[in-house]
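Worksheet: one structure, shown below.
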Amino acid sequence: MINFKVNGIEISAKKGESILDAARRHGIYIPTMCYLPKTTPNASCRMCSVEVEGQDGFVLSCNTPPVEGIEVTTDSETLYKERQNIMKMYNVNHPLQCGVCDKSGECELQNKTLEFEVDEQTFAVRDQYRKKKKWGVQTYDPSLCIMCEKCTAVCNEVVGSSALFIKPGGYKSEIDINLADCISCGECVSVCPVGAMASTDFKYTANAWELKRVPSSCAHCSSACSLYYESKHTANSNREYDAKIYRVTNDADFTSLCGAGRYGFDFENRVQTKDEEAFALALDKFAQAKNVVFTSQITNEELYLLKKLQEKFGFNLVNEEARAFQNFMKNFASTAGETLYNATLKDIAQSDFIVTVGASISRDNPMIRFNISQAVKHNKAYVATIHPIVDGEIKKLVTQYIKNEVGSEEAALAMLADTFVEDKSSQKEFFESIDLGYLSGESNISEEEIALLKHFSSRKKSRVLVIGEDVINHPQAANIAKIVGFLQKSGAFKVVINPTNTNTLGVCLISNLDEAEEGFTIGYNTKADFTLSAKGDGDLDMPALNQQEGTFVNIDKDLVTLNAGVVYKGYELNDIANALLGLRAQSVIEYTHQLGFKDIKFDELVDGVLNPAGEIVRGYKIESQPVKTQASIDEVAELGEYNGSVIYSVNPINQFNQFTKDSEHLGAKTELVGSLQFAIAAKISSGDDVKFSINGTTYLRHFRVDRKLTGTIAFNPSFDQDNKSANYRYNQVKIEVTNE
Amino acid sequence: MSKVYFSTWNGEFINNIGKPQEEWEESAYNLPATYDDNRDSKAFIGWDGVALFNEDVDVIRLAMEYAAQYQEYSEACGRCAPGRWGGRILYDLLDKIARGEGSIADFDHLKEIAKSMQVSSKCEIGKTVPNPILDLMTHFEELFMECIDEQKPSKHYNEEVSYIAKITAPCTDACPAHVDIPGYIEGVRDLNFEESLKATRQTMPLAHVCGRVCPHPCEDACRRTNLDEPISIMELKRLGADYETDHGLGFLHPGKGKKKKPIGKKVAVIGAGPAGLTTAYYLALDGIDVDVYEELPVLGGEVAVGVPEYRMPWAKYEQDIAAVKDLGVNFILNHRVTADEMREFEKTYDAIMIASGTRISKKVRCENERPEIQGYWGAIDFLDWINLYEKFDIKTPKEVQEQQMLPTDHVDLTGKTVACVGGGFTSMDVVRCSIRAGAKKVIMLYRRDEKTIIRNTTYEEYHEAVEEGVEFMFHSAVAKMNDENDVLKSLDVDKFELVPDPDGGRPQLVKIEGATETIEVDYLIPAVSQSADLDFIPQEWELEMTSWATLKTNGKDYMTSRKGVFASGDCEYGPMTIVNAVGQAKRGASVISRYVQTGEITLTDDEIMEDHLRKIKVYDKKEKITGWLAGVPRQKSEVLDVNIRKYNNDEVNFGFTQEQAISEAERCMRCYYIAMVAN
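In the order they appear, the protein sequences are chains A and B.
In this text, residue positions in the first sequence follow my numbering: the first is 1, and each later residue adds one.
In this text, residue positions in the second sequence follow my numbering: the first is 741, and each later residue adds one.
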């Protein structure tokens, strides 16, 4: 702790904290234009200059740590004058088009221009032609740009793609992009203080002050990021529905979103009336259902009601994707000695040694990627990915690609355990059964690769293991989970297991899941004999996740809240439950405190960024429970054969599910993308229409060769299926060409 | 020292306006009144003031052109509000006045903006550009007013005048390779390590090496020293280099870095050390075919076989060398060129670069110093065998084993006592390698004191050696080697003391009579200095030599007294630093590249300016620093535990953690300056 004074007030700074951060934490205001708390300071605006007693000139507060005993003044006549001069400069040639600028009303340049009373412009310079650019989801107008460098900083540090860069050159300096590296996440748009980096689709559709802002959680993956749905009443003359969501924003100073979260918001069910007939039919169907199948894109409260209905009607509650995860967690707990994994996304960002197994980092859960990026940039983290596919997308993040044979994840984890676990005594038999040479042969991971990994871990202070979907749905998942559990217990790694769908973890914690039986099946957001659908394409409409209140349990084990971004007018599950169970709840959130976690009512939950110092609270943390018994890990099973044309089920970046699929703002390509070797092996060529089956589902796809892919592999998207598969993501297939 | 018409350089004020030229006063500084052999300068303008060398200079245009150069030329900028907008305003308003369209209000706004830039800009370039402009506006106000009042262009506004500008920084100026230090530090601060590395590589292909073992003369010229402590400049260089290898990014050539098409010219380079590699690198980039002849079985010169693995891991150096290979340079290893070959080379190649280093260990000059005594082992040869084994698995041959009394096929000193005479980096390498080779006792004999040895090497180097168990005997020199049947047994060591000069001069080392002691040793390793081994140069070429018996050049174009034969690195300068070799070789390669095409020896404007600025000296240790908080501590990287490192060759310095690196980078004050000459 460093103690010093700001404006006469004694405050203290933590190690590594700047004068600005410490002041803000103590509620002291210092103006900035370019400061973005989640990235390292750019020091471009010079607005945060302060005076230090006994020191000539100004000191920049954003990137200067305080020295014990200094006395800082954050506001004085000279400082005001200087800041005013900076604002004058910023306003030189800034186009006076606030009337049509998207940013107007929430623009930092407007705010600070007013704050520093720059009400006339006494000088100008010869301006130059600056061309507007359209870069996919974002549009860049260099004449509005103040070169604060926030966009390049997030692109580099948070996203880790470094697509945006600065083209220096005096007054000509501007931002440019390597479009091929851009993952269309819109982080740059979210941090732009002016109207320079704008959302292409949002542009010219609404003014900031017209939008109604509702905080919620993203519905697309297990990160369930904190966001705001911003809606506006439409001028639709037919008055078909009142409002629609115009954009999604976030507390961009402190939190992040991926492209799906930011742009895939238009999935609300636009039903206009309550269909009484269908509702009556639904009530009947529940009474006769043998199974209710549902997806993990569901709130805890909805599931709670399904469970209540199950208690009465005795149907099976079926969700294969979540059941696989539930089994994985049970086996994990049997060796971990506790029910839950012990790391969070923040732990990833703060670690300096990260190993991922069976995860497609660039595609599965964008926040895992974002946090790895921060670990790499801020902690020089060593990142090793154990995966059969070398993912070029994350080349700048990965230190060591460890390419394993398809199917050999169990062997890989056994090698990892053998190398990193120090006290092996409690799983003696398992460790004695390990023959590194044999496992190395099976997995095609050389002992040298693992030795190198070990070598580079030696000085690292915080090691995190990230477990992905490949192993959760692996034929050997049960034993893999036990190895992972033991890796956590032994302290070799902190562990994060990526839940396979948005609320998979919540689903697993709330309800036991059954296997389906022959008989009448109701589908909740998945097609069945009778379908309740938030997509509006079933037998009875249900609200989508941006139209509901409720909670999820996210990857961080936080119980996070959803609020309705837009109104839904049809029947809800709550209506069904009320009718069938004689309940009287007005809304599902009346059950939030009964979920079996903490006895806290929905309205009392705090979720989001709390203050200017960036303190974030997301509901509350679900505590891991101790597990007494200890299971033993089995010997590594022999490896199955995966030869020939292997297809990997993985979605393109920013696509996750049937709700993102139909988003107007996200391009949805459902093609099969393969390497050249794959094309040769499968005897198909780029442009062919092909047909193949995976676990009973038949796919008709357009095929395209991607020359950046290596290995005999193709990527088959699954976001256009109405539920997530619980099968191993790699499959050998026979491919037919169906060209007309 | 030159006569000037007017000067405000570095706080001086010389005003000869109206005086006849004979009565002009001289400036106290080495200002570039003469630009090069053919041209005089009209004016010099820079961060610290302005000097006019004749009366006819159009000062308004000079101010405008200086602001223009800042706008156009200074690629580093446009990254802070005062610099980006302020710089443009300066240029535009000055131009407006100069072309005869200005107003009094413009003149006032200029002053206001200039003041703002001085206090608020991100780098020194933005803070200092207004300095000479304000000087001119103050001292020649009536000329400005004339243009404004009469709405007429300034006196030479429409004439052709050449303005040559150059960006520098105190650290960049002090670096023999003129590395863009603020640039690569900014890359670290931006967490953009690729950009950091590219900034380094513009003038320093050996980024991995100079991020680890450079004696960093730049840090002696770091302006931050005026405030608290210098930036840890060298260690920050390593971040970008390590990022490249950590992420398997191949070799990041700076900028486009693309090799030009072959131009059908060929150059022979003698020696594959830092100077040879650098020469080859830059020539190859220019499309010149290069053959590099190396006597040793490995590439890299002294950095490979002299600098130990624990200081300079081969895997990292190899990455630097890979860059040169990447450009298609042809290496001929295990080949010591002969005089006959050199004669032949002169005919078959368009130019020759001699970069053969200094690989003969000098004697300690003591009694009975006979090379045939077993246990007398030159530092260069000693380190060769250690490094060839540790880095390349090349075993020590039988005859060396026998001569040096080695029990095995590598240097194993178990149970032996080693004495080294030296005081520089080479001697540090010798003693620390001896510890790692298992010596029972290792003694460093040094004529002067602890302070001097630290100054000659580094604080870290000395303390790490002490920690590892090296015994330092200061104020000591070997007087005599004692042998039995040509096997070294002991040394007679004289002791000295520093006696202050009664006249106030430098203290003298005086031998203490009767204090001589005898120490038992198995080895005496002289590491006092090295000399160049230039036998292979044909005698009849009669190359001019320095008094140090190295090849003589003018220190600007690096051509020897024989046309087409160039020299760089230690064989030119004498045993010096890696960065010095790189800097010389880079300049040499640039000259060669033009020479092979035109037959003429020329320097570019950039190089001429570089030399001028070096003469003026960019760093001013007396300058008072404003706008920065003093007392933010310099970061220190962690090192391998002494009890581990004593027994292996693992790299001792772990380098900065990211947190340390960012914190250190944020201490950098970005002291870019721009200087301009009007011809």
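Glycine is no exception: its CB is placed at the ideal position from the N, C-alpha and C atoms.
Selected residue, minimal CA-CA separation from residue i, among the options
i, options, result
"Met197 of chain A", "A:Glu604, A:Lys212 and A:Ile146", "A:Ile146"
"Thr295 of chain A", "A:Lys274, A:Ala324 and A:Thr78", "A:Ala324"
"Ser902 of chain B", "B:His948, B:Asp798, B:Lys999 and B:Asp835", "B:Asp798"
"Leu60 of chain A", "B:Leu1369, B:Asp788, B:Asp1223 and B:Val744", "B:Leu1369"
"Gln138 of chain A", "A:Asp201, A:Glu174 and A:Lys112", "A:Asp201"
"Lys759 of chain B", "B:Lys1181, B:Glu752, B:Thr1256 and B:Phe746", "B:Phe746"
"Ala124 of chain A", "B:Leu834, B:Phe880, B:Glu890 and B:Val869", "B:Leu834"
"Leu1274 of chain B", "B:Phe1212, B:Ser972, B:Val744 and B:Val1077", "B:Val1077"
"Val1227 of chain B", "B:Thr985, B:Asn1108, B:Cys1311 and B:Gly1013", "B:Asn1108"
Residues bridged to residue i [DSSP beta-bridge criterion]
i, result
"Thr744 of chain A", "This structure cannot speak to residue 744 of chain A, because chain A is shown only from 1 to 740."
"Lys1251 of chain B", "B:Phe1236"
"Phe456 of chain A", "According to DSSP, which records beta bridges pairwise, Phe456 of chain A is partnered with nothing at all."
"Thr139 of chain A", "A:Lys134 and A:Ala198"
"Arg463 of chain A", "A:Phe353"
"Asp541 of chain A", "A:Ser533"
"Leu1128 of chain B", "According to DSSP, Leu1128 of chain B bridges with nothing at all."
"Met1299 of chain B", "B:Phe1306"
"His233 of chain A", "A:Ala243"
"Gly1268 of chain B", "Per the sequence shown, the amino acid found at residue 1268 of chain B is Val instead of Gly. Paired residues: none, contrary to the question."
"Ala384 of chain A", "A:Val355 and A:Gln400"
"Ala1418 of chain B", "B:Ala783 and B:Tyr903"
Contact under 8 Å by Cβ, residue i with residue j
i, j, result
"Cys258 of chain A", "Asn654 of chain A", "yes"
"Arg1246 of chain B", "His1215 of chain B", "no"
"Gly1314 of chain B", "Trp1281 of chain B", "no"
"Leu487 of chain A", "Phe420 of chain A", "yes"
"Met1052 of chain B", "Val949 of chain B", "yes"
"Glu82 of chain A", "Ser860 of chain B", "yes"
"Val1358 of chain B", "Tyr775 of chain B", "no"
"Ile508 of chain A", "Met367 of chain A", "Looking at the sequence shown, residue 508 of chain A is not Ile but Cys. Contact flag unset, no."
"Lys1000 of chain B", "Leu1025 of chain B", "yes"
"Ala1062 of chain B", "Phe991 of chain B", "yes"
"Phe1071 of chain B", "Leu1023 of chain B", "no"
At 4 residues or longer, and completely inside the segment 150-228 of chain A: list those alpha helix (DSSP H) runs for me, N to C. Whole alpha helix (DSSP H) segments, 4+ residues: 150-153 and 187-191.
If you measure beta-carbon to beta-carbon, which residues of the segment 363-381 of chain A are closer than 7 Å to chain B? Lys377, His378, Asn379 and Lys380
Segments assigned alpha helix (DSSP H), at least 4 residues, entirely inside the segment 998-1067 of chain B: 1014-1025, 1042-1045 and 1054-1066
What ranges does the alpha helix (DSSP H) occupy inside the segment 1150-1235 of chain B, keeping only unbroken runs of at least 4 residues that lie completely in it? 1165-1176, 1190-1196 and 1199-1208
At which residue ranges does the segment 888-918 of chain B contain complete beta strand (DSSP E) runs of 3 or more residues, listed in the order of the chain? 903-908
Runs of 3 residues minimum, wholly inside the segment 280-344 of chain A: which ones carry the beta strand (DSSP E) assignment? 291-294 and 316-318
For a minimum of 4 consecutive residues, which ranges assigned as the alpha helix (DSSP H) are wholly contained in the segment 1062-1118 of chain B? 1079-1088
Alpha helix (DSSP H) segments (min. 4 residues) lying fully within the segment 239-283 of chain A: 259-263
Quick one, which residues of the segment 33-67 of chain A are near chain B if we go by CB-CB under 7 Å, in chain order? Thr40, Ala43, Ser44, Cys45, Arg46, Ser49, Val52, Gln55, Asp56, Gly57, Phe58, Val59, Asn63, Thr64, Pro65 and Val67
Mind listing which residues of the segment 69-90 of chain A have their C-beta closer than 8 Å to chain B's C-betas, in chain order? Ile70, Glu82, Asn85, Ile86, Met89 and Tyr90
Quick one: which residues of the segment 169-185 of chain A get their C-beta closer than 7 Å to a C-beta of chain B? List them in chain order. Gly169, Gly170, Tyr171, Lys172 and Ser173
Minimum length 4: unbroken alpha helix (DSSP H) runs contained in the segment 1346-1394 of chain B: 1382-1385
Going along the chain, which residues of the segment 144-166 of chain A sit with their C-beta nearer than 9 Å to a C-beta in chain B? Ile146, Met147, Cys148, Glu149, Thr152, Ala153, Asn156, Glu157, Ser162, Phe165 and Ile166
Just to confirm the assignment: which complete alpha helix (DSSP H) runs, minimum length 4, are found wholly within the segment 782-824 of chain B? 799-813
Under 8 Å (Cβ pairs) to chain A, residues found in the segment 859-871 of chain B: Under the 8 Å Cβ criterion, the segment 859-871 of chain B contributes Val859, Ser860, Ser861 and Lys862.
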